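Protein chains in written order, with my numbering: chain A, 2 to 669; chain B, 68 to 203.
Heads up, the beta-carbon is just placed ideally off N, CA and C, and yes, glycines get one too.
Nothing here was measured: the structure is a model prediction, and the numbers come from that model.
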Amino acid sequence: MSRVNIIRKQMSGIKKICLFVLLMLSLSVFFLPVINADESSIEDEWLNDPHNHPDDIRVIYIKAYQFGFDPEIIEVNKGDRVIFRIISEDVTHGFFIDGYTPSPVDQKIVIEPGKIIEIGPITFDKPGKFKIRCSVTCGPLHPFMVGDIKVNPNFTYYSYLVGTLFVGMLTLVYVRRGPENKMLGISLEKEIDLLRVRGIGPILKRILQWRGFHFAVLWPSLLIFAVVIVAGFVGNPVGNKNFSIAVVWILWFALVEFMILLAGRTWCTVCPLPAIGEWIARRRLCGVHNVRKWFALKLKWPKRLNNMWLGALLFLTMSLIIPWLVTRPVVSGLLFVVLIAVGTILYITHPPRNFCRSVCPAGAYIGHDSNASIYSVRARDKSICDKHKAKECIRGSPEGYGCPWKLYPGGHDENTYCGQCYECLKSCPLDNMTVKIRMIGKDLAHMAAKAKNKFDEAWMGFIRFTLGVFYILVFFGPYSWIRDWGNMGVNFGANLASIGLLTPGVEGVVNWFKWAIMVAGVALVAYPAVFYTFSWFSKKVAKTDQPTKHIFLAFSYALIPYIVFIWAAFAVAILLVFWAYPITAFSDPFGWGWNLLGFKFKWDPFIPQSLPYVLASLSIIGMALAINSTYNIARKMLGGHDKAFRATSVMALLHILVAIAFVWVVAG
Amino acid sequence: MIYMNRGIFWEIVALVLTIAVIGTVSLPLLDNYVMPEKREPNTILIRAYIQESGGFDPGVIRVKKGETVKLVVEGMDVVHGFKSEALGIDLGPIEPGEKKVVEFTPKEEGVYMFECTVVCSPIHHYMRGIIIVEGE
Ligand code: SF4
Ligand SMILES: [Cu+2]
Ligand SMILES: [Cu+2]
């Protein structure tokens, strides 16, 4: 009996081994590559065009690769009839020319590796600069896989160059007439008290004074950022299909840029990053709780950190990894986890909003830029505040907290550190706080006059300004090598499970250092140096004895409206080209093929051929505002119109030169 | 009657809403309900990622001899292909976001290989999977 059993056991052992061998054999197929022989000869075939094209047809040979086109820039003449012969060097790509090929939704041109695709003949009858874009998702940087095609003579470019000069001169002629306290013809003294506007004023006031307001607007963004983190960790490794990338770096980013202009720091009103810490510390989600009973350590914020430096440098650091940040879901997910964690902890150790004032990279640039906003939270009548001794807006009342941003709301006259939490609207017993709409740039002159040692704000300006121009070149320019440097040559997207794919090679790291030196060098050194030189010249030309340092710092505030318009231009470009991604992401947050809301959109750029002109126009508006702001600042600092005008004319030269460079990047 | 301060009432509402946010971590679980292919009988959803990110998911598929099954291959990241010579299936290129469907009835038991036919990554040649046809 027992013998039989043993044999049976052995038999089953043999069977197991057999099965195991079989399994290994079948698994081994995974390790044997299948290589098709015909893939190598494609290059020769590609260049030996077998067709006999008619004489009037030009054949242009293009090689698509991750993530660009070779040649990067193609020039044709107006009226040329062109056939494109395209191959792919690596994976499957697509092909789309702004304004010339049909919408990718109707007809998608696919370039499979190993095949030669012929497109055309296309007759180039509209002059200008157009983008060649990849229309098939081919990897993490696919959205920025672009090349240029110039249809000469590029009249629109030349007319925009002339237009830039003309508007620059016109602005100078305008300030020559000595407009006092005006911005491009509009008085800076005129303000609209939004909460007293008939109709919407009282309604808005009730909403803003409602204690539940902050929570009500914050909660949706908390929910959205929770999804951002989950999607960033487990969703599709390809960025444009992942909620974390599509919603944050397309929708959120663009909305914040427009908000800065139209609604100041409204993002900070709804920001979920420090909210959890704030709720824990206050032990309230909506209501007001006595500060003495807070759950917080209430340590003192170090004085040396009580400025914008940390936030500005963190913003620059983020910019150094921007090609990863905006294309790799896991990097975005991690960033927001870290920001929420730090924001929460710092609120409990160092309440109230020291994190927002000095650490948050978004807070730094939003705060800085919002000084060009038409929106502001201000006292109606400062003299009432002066006389009112109780100062509930600082000390708090049962209706509202004292300003969590450590400001004296009744007296403040700049947007930088006002997070628009509207606590002062609630706490002020005299109903003296309100929202004021004013012309762009109202506060710049007096801010600049005070800026004796505010290098932090000046450098935040330089960083923002240079990056705004630079990013257009990096993300929408033809030079794929710049993107590749910043991308460390990594061709993979990643979520948490595949984060190891982001390990760069040695060459990638070396290239990244080149990129980092280039970005940081331009933003921190080169442009500030140029700006300083111009400031020095304007001091000489104005014949003033103000120190150059002071002039230099003060004039840097004139960049703020310029920055806002350059970044708005970038945001417009992102939205027009990629609008489909964020909308679809709400229906399919993880990029798994869901259709929760019943809609999905395919990538289909919205009139992308208009982008050069829209972008150039926005930069020209920014330039005009910058020139006029310089004048307003100079007038306040140097006293007298004459000196101010002479100083302005020197700085105007720099602002015009940059606008010309920008026009060249987008249209030339 | 319990008297409740209106302030406390709203705090509790807000607290419940805030805690509800944690529920988003379970969103990925919805996959089994949201994707029709995961609910329908005799339907198998295969997601195609580049091999570096896991390749075909799932890569090992079990079907029953004689039973008709529907394979739905979904492109996830870049363009892939799906081909099984032994089973006579070739779906051609599948774009990201696109789904291609094939129905077949396996006649013989055995292990059949399928592979990606479009160069999709440096190790594309390893992107493949197996279909195991089992007897009743
Ligand atoms: S400063 Fe940063 S963390 Fe604070 S509210 Fe603004 S964006 Fe949010
Ligand atoms: Cu591509
Ligand atoms: Cu593949």
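Please report the distance separating the alpha-carbon of residue i from that of residue j.
| i | j | result |
| --- | --- | --- |
| A:Ala264 | A:Glu192 | 15 Å |
| A:Pro205 | A:Gly213 | First, the residue type needs correcting, since residue 205 of chain A is Leu and not Pro in the sequence shown. Distance between the alpha carbons of A:Leu205 and A:Gly213: 14 Å. |
| A:Tyr66 | A:Asn49 | 20 Å |
| A:Phe466 | A:Cys287 | 38 Å |
| A:Ala276 | A:Tyr366 | 19 Å |
| A:Lys644 | A:Asn633 | 12 Å |
| A:Arg354 | A:Gly364 | 11 Å |
| B:Val136 | B:Phe181 | 15 Å |
| A:Ile670 | A:Val520 | Only positions 2 to 669 of chain A appear in this structure, which leaves residue 670 of chain A out of reach. |
| A:Ile395 | A:Asp432 | 15 Å |
| B:Glu201 | B:Tyr193 | 25 Å |
| A:Leu474 | A:Gly69 | 13 Å |
| A:Pro590 | A:Trp580 | 15 Å |
| A:Trp268 | A:Met652 | 32 Å |
| B:Gly196 | B:Pro189 | 17 Å |
| A:Leu223 | A:Val111 | 39 Å |
| A:Ile657 | A:Ser620 | 10 Å |
| B:His191 | A:Val360 | 44 Å |
| A:Ile74 | A:Ile150 | 6 Å |
| A:Ser371 | A:Trp280 | 26 Å |
| A:Asn308 | A:Trp516 | 28 Å |
| A:His642 | A:His413 | 27 Å |
| B:Gly90 | A:Pro273 | 16 Å |
| A:Val470 | B:Ile111 | 49 Å |
| B:Leu154 | A:Gly594 | 26 Å |
| A:Glu113 | A:Thr138 | 12 Å |
| A:Leu597 | A:Thr345 | 32 Å |
| A:Cys599 | B:Tyr100 | Per the sequence presented here, residue 599 of chain A reads as Gly, with Cys not at that position. Answer to the nearest angstrom: the Cα atoms are 15 Å apart. |
| B:Pro125 | B:Arg114 | 7 Å |
| A:Ala569 | A:Arg59 | 38 Å |
Hey, quick one: how far does the beta strand (DSSP E) through residue i stretch, first residue to last?
| i | result |
| --- | --- |
| A:Lys132 | Gly129 to Arg134 |
| A:Lys191 | First-last for A:Lys191: undefined, no H or E at that position. |
| B:Glu182 | Gly177 to Glu182 |
| A:Ser377 | Tyr376 to Ala380 |
| A:Tyr62 | Ile58 to Tyr66 |
Taking only beta-carbon atoms, is residue i less than 8 Å away from chain B?
| i | result |
| --- | --- |
| A:Gly93 | It should be noted that the sequence gives Thr, not Gly, for residue 93 of chain A. Output row for A:Thr93: interface = yes. |
| A:Glu113 | yes |
| A:Lys242 | yes |
| A:Gly213 | yes |
| A:Arg1 | Shown here, chain A extends from 2 to 669; a query on residue 1 of chain A therefore has no answer. |
| A:Phe354 | First, the amino acid is wrong: residue 354 of chain A is Arg here, not Phe. Closer than 8 Å: no. |
| A:Thr545 | no |
| A:Arg647 | no |
| A:Val228 | yes |
| A:Pro34 | Residue placement at A:Pro34 is poorly supported in this model, since its pLDDT is 49, which falls under 50; the coordinates are not used for a value here. |
| A:Gly490 | no |
| A:Gly288 | yes |
| A:Phe663 | no |
Counting only C-beta atoms, is residue i closer than 8 Å to chain A at any point?
| i | result |
| --- | --- |
| B:Ile202 | According to the sequence shown, residue 202 of chain B is Gly rather than Ile. No - not a single Cβ of chain A is within 8 Å of the one on B:Gly202. |
| B:Glu209 | As shown, chain B starts at 68 and ends at 203. That puts residue 209 of chain B outside it, with no answer to give. |
| B:Ser151 | no |
| B:Leu154 | no |
| B:Thr110 | no |
| B:Ser188 | yes |
| B:Lys137 | no |
| B:Ala81 | yes |
| B:Leu96 | no |
In the DSSP assignment, find the alpha helix (DSSP H) that holds residue i and state where it starts and stops.
| i | result |
| --- | --- |
| A:Leu320 | The amino acid occupying residue 320 of chain A in the given sequence is Ser; Leu does not appear at that position. Where A:Ser320 is concerned, the enclosing alpha helix (DSSP H) stretches over Trp310 to Leu321. |
| A:Asn633 | Leu612 to Leu639 |
| A:Tyr366 | Pro362 to Asp370 |
Could you say if the region 584-594 of chain A and the region 234-249 of chain A meet the contact criterion of at least three C-beta pairs nearer than 8 Å? yes
Evaluate contact between the region 437-446 of chain A and the region 536-545 of chain A, counting only Cβ atoms and requiring at least three cross-stretch pairs below 8 Å. no
Measuring CB atoms only, is the region 93-103 of chain A touching the region 112-129 of chain A, in the sense that at least three cross pairs come out at less than 8 Å? yes
So does the region 323-336 of chain A actually touch the region 477-489 of chain A, counting three or more Cβ pairs closer than 8 Å? yes
With a cut-off of 8 Å, do at least 3 Cβ pairs link the region 142-152 of chain B to the region 234-241 of chain A? yes
Run the Cβ filter for me: residues under 5 Å from any heavy atom of ligand 3, listed in the order they occur in the chain. B:His147, B:Cys183, B:Cys187 and B:Met194
contact_flag[the region 655-669 of chain A, the region 607-614 of chain A] where n(CB pairs < 8 Å) is 3 or more: yes
Specify whether the region 209-225 of chain A and the region 293-302 of chain A touch according to this definition: at least 3 beta carbon pairs, one from each stretch, less than 8 Å apart. no
Between the region 455-462 of chain A and the region 547-566 of chain A, do at least 3 Cβ pairs fall closer than 8 Å? yes
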